[in-house]
Amino acid sequence: MSQFEALGLSPRLLKSLASLGYEVPTPIQAQAIPLILRGRDLMGLAQTGTGKTAAFGLPLIHHLMAEHARPDARSCRSLILAPTRELANQIADNLRGFTRGTPLTVTVVVGGASLNVQTRNLQRGTDILVATPGRLLDLIERRAVTLAAARFLVLDEADQMLDMGFIHALRRIAPLLAKPRQTLLFSATMPKQMAELSAAYLHDPERVQVSPPGKAADKITQEVHFVTQAGKTALLKELLAKHPNSLSLVFARTKHGAERLMKSLVAEGFRAASIHGNKSQGQRDRALKGFREGQIRILVATDVAARGIDIPDVRQVYNYDLPEVAENYVHRIGRTARAGKDGTAIAFCTPGDIGLLRAVEKIMGIKVAVASGEVPPESAAAPKARSAGRGNHGGGNTAAKPRRQRSRARRGPSRKAA
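All residue numbers for the sequence shown refer to numbering that gives the first Met the number 0, where the first residue is 0 and numbers rise by one.
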């Protein structure tokens, strides 16, 4: 008996897992799958790269296959919500692998793709709908899809949904699903607002936690370089040159900053590309494909654009700019040390960012090792990092904005951002 068989999955699913090379369930899979098979609502706390998609995807597929039903036109039998198009596409790709050889269908709807094409794809209905909240609401308003038959709801990367302000979209979407339903919530961190989200959408949930929220994977080595703002690019190039054959992911705080940095790297002969909100879906897909295949060695990204990256061979993650939301640091460095491999997380800290670094260290429960530079005085610190869940994604202090701009900032993100 395989270890997956012991979890109670169907023989057909076990055959698919064997063909995909799955042998031993990860801790989150071993704990979550039996509970989901029993029909329990669940809150799963686990870092990225721990097998969360299979943890909810396998029992979901098991349930759908056992019902021997087909979806009605323009309907779905289950709904998975993800905060970004990259993550939604990654989830859909994984689920298609699990459902190969079965009659189940997987459909993904995200921003940046044709609404008309997505409407046509939904005409016959789908068993599993993977969506970003904004695009899903667009399709619901066009009457391209109904959720009344969906008896399973999965909220993946729920902490990031909170940070991006999608709580308002969730409040509109959730009542449209069938009742009763089974709801699963997965997150890498545990901001205070997560308890409110759980209370609102989960019924008597089981809680599965395979690592303390906010802690990095054991195989990630973390270090910080204290450097001036003007010296960051030269330092990055110096460090990248030491690992010419490694895949490196570099995080910048803004779209324009990411693009400028990428162009500077390319000008020096580095094989680099960028993904951010100003890139089309096709440009993002090509950059990720080149990075995954090794044609691109350095990928410069913003937080939102990088959420769907699942590439086991990323060896270094550079925090060129420290995140303004401290919990995002956990998501960033979770892009390395995946599938049991080692990785290194390198942070650059300017004198004005010492407060951001201290906020990161607080949620991580560690002191990041100093690799170079002098630690600036704490008095040089800029305002502390924000906590996740405020819906003011993009950061910055709004105090200096004119009244009209401040009002606009509170409305949450445009649905096109999804």
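Beta carbons are placed, not taken as given, at the ideal position from N, Cα and C, and that holds for glycine.
Item to check | 3-residue-minimum beta strand (DSSP E) runs that sit fully inside the stretch 286-323, ordered along the chain | outcome: Uninterrupted beta strand (DSSP E) stretches at least 3 residues long and entirely within the stretch 286-323 occur at 297-300, 313-318, given in chain order.
Checklist entry - What are the residues that DSSP puts in a beta bridge with Gln208? => result Leu44, per the DSSP bridge assignment.
Checklist entry - I think Phe315 touches Gly342, with their Cβ atoms under 8 Å apart; what is that distance to the nearest whole Å? => result Per the sequence shown, the amino acid found at residue 315 is Gln instead of Phe. Gly342 and Gln315 do touch by the CB rule: their CB atoms are close to 7 Å apart, below 8 Å.
Checklist entry - Sorted by chain position, which residues of the same chain lie with C-beta nearer than 6 Å to Arg16's C-beta, five sequence neighbours on each side aside? => result As written in the sequence, residue 16 is Leu, which differs from the Arg given in the question. If you ignore the 5 residues before and after Leu16, its C-beta comes within less than 6 Å of the C-beta of Phe3, all in its own chain and listed in chain order.
Item to check | From Gln192, Met64, Ile35, Asn277, residue whose alpha carbon lies closest to that of Lys51 | outcome: Answer by Cα proximity: Ile35.
Checklist entry - On the three-state DSSP scale, how would you describe Pro10? => result Of the three classes helix, strand and coil, the one that applies to Pro10 here is helix, per DSSP.
Checklist entry - On the three-pair Cβ rule with 8 Å, is the stretch 323-332 touching the stretch 153-162? => result Segments in contact, yes.
Next on the checklist: Tell me the rounded alpha-carbon separation between Val303 and Thr83.
Outcome noted: Those two C-alpha atoms are separated by around 7 Å.
Checklist entry - Counting Cβ pairs, one atom from each stretch, are 3 or more of them under 8 Å apart for the stretch 65-82 and the stretch 144-155? => result By the criterion of at least three beta-carbon pairs nearer than 8 Å, the stretch 65-82 is in contact with the stretch 144-155.
Checklist entry - Are three or more beta carbon pairs between the stretch 161-171 and the stretch 120-127 nearer than 8 Å? => result No: the two stretches stay apart, fewer than three of their Cβ pairs being nearer than 8 Å.
Checklist entry - beta strand (DSSP E) containing Phe225: first to last residue? => result Where Phe225 is concerned, the enclosing beta strand (DSSP E) stretches over 219-225.
Next on the checklist: Assuming contact is defined by CB atoms lying nearer than 8 Å, are Ile27 and Ala45 in contact in what I supplied?
Outcome noted: Their beta carbons are under 8 Å apart, which means Ile27 touches Ala45 by this criterion.
Next on the checklist: With distance defined between alpha-carbon atoms, name the residue in Lys366, Arg357, Arg283 nearest to Asn88.
Outcome noted: Comparing Cα-Cα distances from Asn88 to each of Lys366, Arg357, Arg283, the minimum goes to Arg283.
Item to check | Lys241, buried or exposed, once every other Cβ within 10 Å from all chains shown has been counted against 16 | outcome: The residue in question, Lys241, is exposed, as its Cβ has fewer than 16 Cβ neighbours within 10 Å.
Item to check | Element boundaries [alpha helix (DSSP H), containing Phe55] | outcome: Following the DSSP letters along the chain, one finds Phe55 inside the alpha helix (DSSP H) bounded by residues 51-66.
Next on the checklist: Here's the rule: buried if 16 or more other CB atoms are within 10 angstroms of the residue's CB, otherwise exposed. What is Gln228?
Outcome noted: Per the 10 Å Cβ criterion, exposed.
Checklist entry - Just the Cα atoms here: how many angstroms apart are Gly100 and Gly268? => result Gly100 and Gly268 have their C-alpha atoms spaced approximately 45 Å apart.
Item to check | Cβ neighbour criterion (16 or more within 10 Å) applied to Val369 | outcome: The residue is exposed, with fewer than 16 neighbouring Cβ atoms inside 10 Å.
Checklist entry - So what's Arg76 in DSSP terms, helix, strand or just coil? => result Correct three-state label for Arg76: strand.
Checklist entry - For the ligand SAH, any of its heavy atoms closer than 7 Å to the Cβ of Leu78? => result Although the ligand SAH was asked about, the structure shown includes no ligands whatsoever.
Checklist entry - With which residues is Thr343 paired in a DSSP beta bridge? => result Beta-bridge partners of Thr343 (DSSP): Thr220, Gln315.
Checklist entry - CB Glu258 to CB Arg39, shorter than 8 Å? => result The answer is no: Cβ separation not under 8 Å.
Checklist entry - What first and last residue would you give for the beta strand (DSSP E) that runs through Ala272? => result Counting along the chain, the beta strand (DSSP E) containing Ala272 begins and ends at 271-274.
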